[in-house]
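Novice: Handing you this structure, nothing more for now.
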Amino acid sequence: MISYSYVRIIIRSALALCFLFGLKKTYIYFTHNQEPQIQLQGLDENHAYADSINCTLALKNKTSIKFLDAKLNGKPCDIESKKIIGKSEVEHLFSIDTTLLEDGKHTFALKAVDSTYNKNSRSIKIPFTVDNKILQASFLQDKYNINQGRTARVTFNTNKELSSANIAYLSKQYNCCKVTPYGSMYECFIPIECDQDSEEHQIIATLTDSTGKSITLHNNISVNTVEFPKQKGFKVAQEKIQDEKDVSLSNSILKTALHRWLEKSPTEKLWKGIFDLPCQVTRYSTPFGEIRVTPERGRYLHKAVDIVHTPRSVIWASARGKVIIKDRYLMSGNTVVLEHGMGVHSLYYHLHDFADIEVGDVIGKGVKIGRMGKTGYATGYHLHWEVRINNVAVDPLEWTEKWT
Ligand SMILES: [Zn+2]
-6 MISYSYVRII IRSALALCFL FGLKKTYIYF THNQEPQIQL QGLDENHAYA
44 DSINCTLALK NKTSIKFLDA KLNGKPCDIE SKKIIGKSEV EHLFSIDTTL
94 LEDGKHTFAL KAVDSTYNKN SRSIKIPFTV DNKILQASFL QDKYNINQGR
144 TARVTFNTNK ELSSANIAYL SKQYNCCKVT PYGSMYECFI PIECDQDSEE
194 HQIIATLTDS TGKSITLHNN ISVNTVEFPK QKGFKVAQEK IQDEKDVSLS
244 NSILKTALHR WLEKSPTEKL WKGIFDLPCQ VTRYSTPFGE IRVTPERGRY
294 LHKAVDIVHT PRSVIWASAR GKVIIKDRYL MSGNTVVLEH GMGVHSLYYH
344 LHDFADIEVG DVIGKGVKIG RMGKTGYATG YHLHWEVRIN NVAVDPLEWT
394 EKWT
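In this note's numbering, the protein residues as written are -6 to 397.
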């Protein structure tokens, strides 16, 4: 049996607790001065949206919300505020139907006031864009016929700005960029290996607009076989190779550096228009793709052009780019490599010396990078000039011609 005094203790304790709880609530009511803790997820500032925007309003507040006002472009917007009013902790889902809005800029605003004496409030204003226009695009060429060792410059145009675009070719991805900042034409540079089989291969472009919607376009690249010429004979004296070894880094270091830089290649173009020849030309001593046999490398293709002009004549940047390599290597001698973005690099070998440039400098087309020399694996004064896309060397002279 529970004694009367025991019951009395329980009742008194309960009353004391109620009193203390009430006291605490009253204390919070008069002293709380923090703005309501509300978070809006699903609608991000300055993002573009299509169809429905699914939002979550998360509330985790010390006191309940007394007033909640939502406005779209300054006009009342129904987000079923009643499900939040009177609550201090809730996750409320609502959506904004953008198909009822015009394409362009809009603002969603929210104001919440708590139920304290101070009427603490929090206001959120989120500008966003609606873009319900259906993305449309087409290639500017029906099919691409490209020679081995050359570049497929693939172009397409769109009816709206893209947030990303890339083309898949033979299991590799190539980034696409706008040809001019304000136009609607995009381009992509795809290297065709010198030993690529002469078949037709599909290219698939994946284009994504600012709302995240994607479309794909299909086209084909047909590769033409090229009969690359054979070089008669070529040998560098052993004494010269030995001398170079004393002052040079191994070319495997250059190879590693080029792979490392490729991973960091900017997705945007750093250059404009076509490339310039990087020096004056008396003659081309070795054309692109010539088949060579040397004691050091065996049989290989010379995937560059060798340009001969006056010894120690000026060599300049063939296009705007960032200096990423400036060093001396056993085979390539004094070497400069420029980063042009989109995975495109230009390489300049055998320089006599370097101009006043440093790694990290962004230099314009025509800026001096050094003088024509014969450092490294070279028998005479010349410039070995390469252009690589994703580390695949392509005929650089094509880059100095107008793309058709
Ligand atoms: Zn060469």
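Glycine is no exception: its CB is placed at the ideal position from the N, C-alpha and C atoms.
1) Let's see if you can read the secondary structure: which residues bound the alpha helix (DSSP H) around D236?
2) Note the first and the last residue of the continuous alpha helix (DSSP H) segment covering N244.
3) Is it buried or exposed for V329, if we count other Cβ within 10 angstroms and need 16 for buried?
4) Once the 5 residues before and after E38 are set aside, which same chain residues still bring their CB inside 8 Å of it?
5) Would you list, in sequence order, the uninterrupted beta strand (DSSP E) runs of no fewer than 3 residues that lie entirely inside the stretch 140 to 194?
6) Start and end of the beta strand (DSSP E) containing D320?
7) Quick one: what's G291 bridged to in DSSP?
8) May I ask you to report which of helix, strand or coil DSSP gives Y42?
9) Which residues mark the beginning and the end of the beta strand (DSSP E) in which A310 is found?
10) For A386, verify whether its CB is less than 7 Å away from any heavy atom of ligand 1.
11) Taking its Cβ as the centre, do 16 or more other Cβ atoms sit within 10 Å of N138, making it buried, or is it exposed?
12) Flag this pair as yes or no: are the beta carbons of H252 and C272 separated by less than 8 Å?
13) Between Y293, I127, K248, which lies nearest to I318 when the distance is taken from Cα to Cα?
14) Can you check which of these residues, L36, I77, F227, is closest to F292 by C-alpha distance?
15) How should S(-2) be labelled, buried or exposed, when 16 other C-beta atoms within 10 angstroms of its C-beta is the threshold for buried?
16) I183 and C169 - do their beta-carbons sit closer together than 8 Å?
17) Which residue marks the beginning of the beta strand (DSSP E) containing A130, and which one marks its end?
18) In the DSSP output, which residue or residues are listed as bridge partners for H338?
19) Using the Cα positions of L33 and S45, report the straight-line distance between them to the nearest angstrom.
20) By Cβ distance, which residues of its chain are closer than 6 Å to T368, with the 5 residues on each side in sequence left out?
21) By Cβ distance, which residues of its chain are closer than 8 Å to P389, with the 5 residues on each side in sequence left out?
22) What residue does the beta strand (DSSP E) around S114 start on, and which one ends it?
23) Determine the burial state of M178: buried for a count of at least 16 other Cβ atoms within 10 Å of its Cβ, exposed for fewer.
24) Around ligand 1, which residues pass a check of Cβ closer than 6 Å to any of its heavy atoms?
25) Under a Cβ-count criterion, where at least 16 other Cβ atoms within 10 Å of its own Cβ denotes burial, should S91 be classed as buried or exposed?
26) Can you find the residues in the same chain that come closer than 6 Å, C-beta to C-beta, to L86, ignoring five residues on each side of it along the sequence?
27) Report, in whole angstroms, the separation of the C-beta atoms of I58 and P29, which I expect to be a contact under 8 Å.
28) Reducing DSSP to helix, strand and coil, say where E82 ends up.
29) Among N384, I362, L52, which has the Cα closest to the Cα of L376?
30) Take the Cβ of D202 as the centre, count every other Cβ of all protein chains shown within 10 Å, and call the residue buried at 16 or more, exposed below.
31) Hey, would you say A105 sits closer than 8 Å to L210, going by beta carbons?
32) How would you write the range of the beta strand (DSSP E) that K98 sits in, first residue to last?
33) Less than 6 Å between C-beta atoms, sequence neighbours within five positions excluded: which residues of the same chain meet that for D135?
34) Identify the continuous beta strand (DSSP E) that holds S93 and give its terminal residues.
35) In the structure shown, what three-state DSSP assignment does V298 receive?
36) If I follow the unbroken beta strand (DSSP E) through N213, where does it start and stop?
Specialist: Let me spell this out:
1) 231 to 240
2) 244 to 256
3) buried
4) I119, P120, F121
5) 144 to 151, 155 to 162, 165 to 168, 178 to 184
6) 314 to 322
7) T287
8) strand
9) It is not in any beta strand (DSSP E) - A310 carries neither H nor E in the DSSP assignment.
10) no
11) exposed
12) no
13) K248
14) Per the sequence presented here, residue 292 reads as Arg, with Phe not at that position. Checked all of L36, I77, F227; the closest Cα to R292 is F227.
15) exposed
16) no
17) 130 to 132
18) E332, R381
19) 15 Å
20) G326, N327, H343
21) F268, F281, A297, V298, S311, S339, W378, E379, V380
22) 114 to 123
23) exposed
24) T279, H295, A297, D299, H377
25) As written in the sequence, residue 91 is Thr, which differs from the Ser given in the question. Buried, since its Cβ has 16 or more Cβ neighbours within 10 Å.
26) T49
27) 6 Å
28) strand
29) I362
30) buried
31) no
32) 97 to 107
33) none
34) The amino acid at residue 93 is misidentified as Ser; the sequence shows Leu. Element bounds for L93: n/a, residue is neither H nor E.
35) strand
36) 207 to 217
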